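First up is the structure itself, then whatever we jot down about it.
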Amino acid sequence: DFIIQLAHKAGKHISSAFPMLDAMIYGKHRLAATFREEVSPRGSTFTIRKFREKPFSIIELIQSNVLSPELAAYFWLLLENKANIMVAGATGSGKTTLLNALSCFVKPRMKIITCEETAELNMPTENWVRFVTRESYGLGSTKTGEITLYDLVRMSLRYRPDYLIVGEIRGEEAFVLFQAIASVSWDTPILVRDRLTMKIQLTEIGRFVDQFYSIDEERVPRKIEDYDVLTLNDEGRICFRPIQYVLRHKTDKIYKIRYTGGVVKATGSHSVFVLDEDSLTLKVKRVSELKKGDLLIGCIARQKQDRENPRIDLVDLIGDPSKDFVDGLSEELKLRVGHNPARLSTYLLNEMSIQERQNLRLKRWYNSKWIPAIIEVDEDLAFVMGLYLADGSVKKNRRKSLCFSFRSSEETFSRRLTKVMKQKFNLEPYKEDKGSYVLITYNSTMLAELFEKLIGGKLEDKHIPDFLWDAPKKIVEAFLEGYKAGSRRRVKNRRDICYITKNRSMAQQISWLARLNGLNTYLYEEKDERYRPYFAVRILNVKEGGKTLTADKIPLKPLVRLYKSLNPANIPLNMTRWFRSDRRFISRKIAQQLISWLLKEGRRDLGLEDLELLKRMYNLVRSDVALSPVLDVREEDYEGYVYDVSIPRTEAFLGGDSPILLHNTGHGGLSTVHAESIETAVRRLTSPPMNIPPSHIPLLDVLCLVERTLLPKPFKGATFGRRIRYVWEIADYENYITIAEWDPLTDTITVDFGKSVILDQIALRWGKKKIDMVREITRRKNLLEWMIKKDVKETSEVARIIYSYYTDPDRLIRELGIRVKEIYVPVATAKPREIPIEKVETAIGFILELLRANNGIVPYYQVFVKIPLSKDIIVEALKQLRENGTIYIESMNIKLREAAKSM
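Letter by letter, the sequence shown follows residues 23 to 925 in my numbering.
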């Protein structure tokens, strides 16, 4: 009867049908009980775990030596930046106590959601939503009305938490803590590079990510390899970075961001980078918090790049061994083949190297004309390809023909086309006057197939050639010059160029291509006289007097601040107007002049903070960063998947109609797991019922192990105590970096921030260096030590001081009279790994054996599955085989050349 009374006081039920009970009694103490002899042969049992009236604060845990002030300050910085932290330990080790104490470091404006089976957590913040599971007492496998921890965690995402705290993870709810639920719509363009084929393509993020998922699969990150995505590096230069994993999930709401340059759609939890106009640092801002005028970070390539003209191998691209002939064989080849011309099939059997194709010519059937087997794309050919993209097509009758149409006003374009085709391919045009336009046709099946393969046939399938993404600027400009035909529209009272098309994907490709070659563009949607949508890409011609848009401008406010700090007695007259102007932006050219003068006149008179600001301004002017002000942000209904890609270190990638820098941060996570080591914790996470794939373990940032242990000497009279034994940063599965370790001999915690990778990531987000993050930890450590010295340990008072620090840290440090001590931290650097030559040679043997066993063709992913060597060794072997002409890669398959099959 006593057990039944306890259960009733807890608002629960216990009986022979349901003989076990786990509940909260009197609202704050934990009750565990069993009923009679159903599960306990010796009769009913119960245990009550009494909790303190007031939970332990972080200061009390430091005073109890559970952790050091320095380690607490480290956790503080991580929690501010929404890190994913898990506390592991045995029963009674203090996991929940530590979790509760750490929660005071969460920013006061962040929304916290806790999910528990029994209500044990107590957050020192008002912006807190608490969820508790509900049991069902139905019989059978289906329990009507039951609300599990997974149900709560899944529902909590709709509340858009900044921090999701799960009391103790035991099952499938663990998935949510291993995901950055921050995503963009299916049609968001990103520039992806395949590292195996080196093919670059602008594609919708949904099209790219969907290939890694089965139907209806979501919320499970997929680790991928061999793909890079375009982003900006630490210096603000355009570069490719590897994709670590991809993710998709469904949503019913999305934000449409309209900015100068185009549109991008993202979930409210997605983040973008914005420029702070006062400090010139990059800030991460949630989409739901964006306002009109915020400066998004875009890009325009401003650095000169040495690139070679693209070369097209027609043998690999469109060669048909059953129909094609080759001519121009060398004397050595004639001896091997026996005659010249020869069938392509015969040539391929005798080909020793790709270099032998340099002087070859191809043709299809006997009565067609020869064209080079290797075509170098120069400005003339790029111009013709631009013409085809604008108003070209492939006519399919018995054989294929290449067709171009021109209006009467475009005679200049048609004349140049005729000249180029005659010079390069010795082809004469067939002209038809259709009244309003002229149709020019070239009867060449191979050229028609070449253009169709490179650019597409139908309007909806057309795209810019993939080789243009890595072509010299002069080639791109010639291509855009040709694209003017049929797609150009004059801009009233402007010297700019405007391209129009009904194909949105085409407009995005033109916009990206232009920006990656130093041209300032922006994309917008309009409607014709019948209200049908079309898309316009405007390229601004600043050199010929066109108006400079914000993408080519710099904020003026920091320069005015530096001028006031310097307060010079004399200033050149032509600069006075700028330093005393109330404008928001100035051109890069003017900014360079002002910066040069400040560097010359004020280097010795400016303080360290002002010099740092001047340095950031100098770097900004020289970078590829382009500013795009937000014009409008609206929430819309949405039905379908949204997508994300994860980039190591930066978690940033370029996307949108015109490229802007997106950042995939979702909610932070705090949780506990029952485990006595990091190996045990990871084993539990990767085993049923949690089933977290090993590839997703790096999505956890930090794992902390807390123990109840025998102390080397009594501490405040106690021989046992709770201690944080280890703190690890998760670099990868089975790659754990020890940041802190408790020494049982001296009862002290040793901390080493030099090995930290998370501090590198936070520094990048803040626009600072790692040593700056260590100094910030030191300042917060000094504040915690001040609270210990003043015996400030009430949870509410500790939280109040921490919240004051978030509001104005410098002012709080001054008011409290805290002196910040400097520390030195060595920063570890990784050594590049050398690949043994003998292992590469072994991999080459495996690859060739695998290809010959499968008729010379193997899907590229099978090579990595079937060969028992590491990925970097296999990739190096593939590179060498491709360079020496033994293999080639086409349509995601590795193919053995005919000449190598018999070797």
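Quick reminder that beta carbons are idealized off the backbone N, C-alpha and C, glycines included. Values in this document were obtained by computation on a predicted structure and should not be read as measured data.
Under 8 Å between C-beta atoms of residue i and residue j
i, j, result
"Val-749", "Val-724", "yes"
"Arg-537", "Ile-322", "yes"
"Ile-426", "Ile-462", "The sequence shown places Phe at residue 426, rather than the Ile named in the question. Cβ atoms of Phe-426 and Ile-462: closer than 8 Å."
"Asp-346", "Lys-391", "no"
"Ile-393", "Met-468", "yes"
"Ser-668", "Ile-70", "no"
"Cys-726", "Val-188", "no"
"Ser-90", "Val-773", "yes"
"Asn-906", "Ile-879", "no"
"Phe-127", "Phe-97", "yes"
"Ile-759", "Val-88", "no"
"Pro-681", "Glu-299", "no"
Where residue i falls: helix, strand or coil (DSSP)
i, result
"Thr-289", "coil"
"Lys-417", "strand"
"Ser-423", "strand"
"Ile-909", "strand"
"Gln-266", "coil"
"Tyr-48", "coil"
"Val-847", "Residue placement at Val-847 cannot be trusted, given a pLDDT of 43 that sits under 50; what the coordinates show is reported in the next sentence. Correct three-state label for Val-847: coil."
"Tyr-748", "strand"
"Gly-360", "coil"
"Gln-223", "strand"
"Glu-401", "helix"
"Lys-480", "coil"
"Glu-837", "helix"
"Arg-926", "Because the chain here runs from 23 to 925, residue 926 falls outside it and cannot be looked at."
"Phe-78", "coil"
"Ser-207", "strand"
Opening and closing residue of the alpha helix (DSSP H) in which residue i lies
i, result
"Glu-474", "467-477"
"Phe-127", "No alpha helix (DSSP H) contains Phe-127, which DSSP labels as neither H nor E."
"Tyr-556", "Element bounds for Tyr-556: not the alpha helix (DSSP H) but the beta strand (DSSP E), 555-561."
"Leu-28", "24-31"
"Val-498", "495-505"
"Tyr-755", "Counting along the chain, Tyr-755 falls outside any alpha helix (DSSP H), and DSSP gives it neither H nor E."
"Asp-338", "336-340"
"Leu-99", "91-102"
Endpoints, the beta strand (DSSP E) within which residue i is located
i, result
"Ala-674", "674-677"
"Leu-733", "724-737"
"Glu-548", "543-549"
"Trp-150", "150-154"
"Val-109", "106-111"
"Arg-215", "211-216"
"Leu-318", "317-321"
"Glu-454", "452-455"
"Tyr-185", "185-188"
"Leu-918", "915-918"
"Ile-70", "67-71"
"Leu-254", "249-254"
For residue i, the residue or residues it bridges with in DSSP
i, result
"His-271", "Val-664"
"Arg-656", "Lys-278"
"Trp-764", "Ile-771"
"His-696", "Gly-111"
"Met-42", "Thr-56"
"Asp-349", "Arg-383"
"Pro-394", "Arg-383"
"Val-306", "Phe-295"
"Tyr-464", "Leu-424"
"Lys-575", "Ser-609"
Residue i, buried or exposed, once every other Cβ within 10 Å from all chains shown has been counted against 16
i, result
"Gln-531", "buried"
"Arg-706", "buried"
"Asp-328", "exposed"
"Trp-764", "buried"
"Trp-491", "buried"
"Cys-261", "exposed"
"Lys-586", "exposed"
"Met-407", "buried"
"Arg-560", "buried"
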